[in-house]
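What follows is a short report on a single structure.
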Amino acid sequence: MVSYRQAVEALQPVIPQLFDAVSEGLEHAVRYHADEEYQRQDDAHFFPTVARRKVLDRLYRAGLIARHPKGDRPLLSMSGLLVPYENVVIWVRKMRKVRSDPVEHEIPLPQSRRQRQFWRQEPVLDLPGLPTDNLLLLWSEDHGVLDPAMTLVRPLGGDHRRDNLRYEWAGPLRREMATFSAADLDELRPAPRQSTLWEEDTG
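If you count by our numbering, then the sequence shown holds residues -6 to 196, one letter each, in order.
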């Protein structure tokens, strides 16, 4: 079982790429809406879909997106981005922020069969080598600008019921953590356990 500190250390080489990819996706979505004179409020799902498409392309080119075994294409649809790296597999999701809670982002409920497997720490990718830990990476934005902190979560299980969601730990992931020393990493602590469970942000 990977700890919060170990997860951050494992991800250090790709933290800048993750932040750059999401930022680029948001910038692309903002430009697209401006060029087409679209209003975000007219279709709450369209803006994040455009952003995710660009994020997927950026991470795919970097070799960080899980590919389908029967073709050179991403394993998941646009509803999720799977990033296998070192001994972890990350499911990247856009979520709302929780400003009154120690955990900065709402932890999503697993809706599909694959998501429930992932949340239970069951393998969803056929990867060689050592067993992997499944992690969630949750991000949010404010008027098309990526918020400075994402949230990293190690889920343990759940379904569509809020009271069935379980997780081992949750803690922030920031761009500057890419250059943390061993001493800096040793000082990292996960956030206190939150009491409220939430759903995915679509807009």
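Cβ atoms here follow ideal geometry from the backbone N, Cα and C, with glycine treated the same way.
(request) Please report how far the alpha carbon of residue 264 lies from the alpha carbon of residue 22, in whole angstroms. (result) Residue 264 falls outside the range modelled here, since the chain spans only -6 to 196, and no answer is possible.
(request) Mind checking who residue 127 pairs with in its DSSP beta bridge? (result) As a first step, residue 127 is located in the sequence shown; it is residue number 134 there, counting from the start. In DSSP, residue 127 forms a bridge with 82.
(request) Return helix, strand or coil for residue 169, following the three-state DSSP convention. (result) Start at 1 with the first residue of the sequence shown, and residue 169 comes out as number 176. Three-state result, residue 169: helix.
(request) In angstroms with no decimal places, state the Cα-to-Cα distance between residue 127 and residue 81. (result) Mapped onto the sequence shown, residue 127 falls at position 134. Mapped onto the sequence shown, residue 81 falls at position 88. Whole-angstrom Cα-Cα distance: 6 Å.
(message) Quick check: what's the CA-CA separation for residue 33 versus residue 87?
(response) For this step, residue 33 is matched to residue 40 along the sequence shown. For this step, residue 87 is matched to residue 94 along the sequence shown. In a straight line, the C-alpha of residue 33 is about 16 Å away from that of residue 87.
(request) Identify which residue in 13, -1 and 5 has its Cα closest to the Cα of residue 139. (result) Here residue 139 is taken as the residue at index 146 of the sequence shown, counted from 1. Of the candidates 13, -1 and 5, the one whose C-alpha sits nearest the C-alpha of residue 139 is 13.
(request) Rounded to whole angstroms, what's the CA-CA distance from residue 171 to residue 59? Just pull it up for me. (result) Within the sequence shown, numbered from 1, the residue matching residue 171 stands at position 178. Within the sequence shown, numbered from 1, the residue matching residue 59 stands at position 66. Roughly 22 Å separates the two Cα atoms.
(request) Grab me the residues of residue 45's own chain with a C-beta within less than 8 Å of its C-beta, minus the 5 sequence neighbours each way, in chain order. (result) Here residue 45 refers to the residue found at position 52 when the sequence shown is read from its first residue. Cβ within range, chain order: 18, 71, 74 and 87.
(request) Could you check if residue 16 is buried or exposed, using at least 16 other CB atoms within 10 Å of its CB as the buried criterion? (result) Working through the sequence shown from its first residue, we reach residue 16 at position 23. Buried, because 16 or more other Cβ atoms sit within 10 Å of the Cβ of residue 16.
(message) Is the separation between the beta-carbon of residue 116 and that of residue 142 shorter than 7 Å?
(response) Residue 116 sits at position 123 when you count from the first residue of the sequence shown. Residue 142 sits at position 149 when you count from the first residue of the sequence shown. It is not a contact, given that the beta carbons lie outside the stated cut-off.
(message) Once DSSP output is grouped into helix, strand and coil, what is the label at residue 0?
(response) Within the sequence shown, residue 0 is the residue found at index 7, counting from 1. Reduced to three states, the DSSP call for residue 0 is helix.
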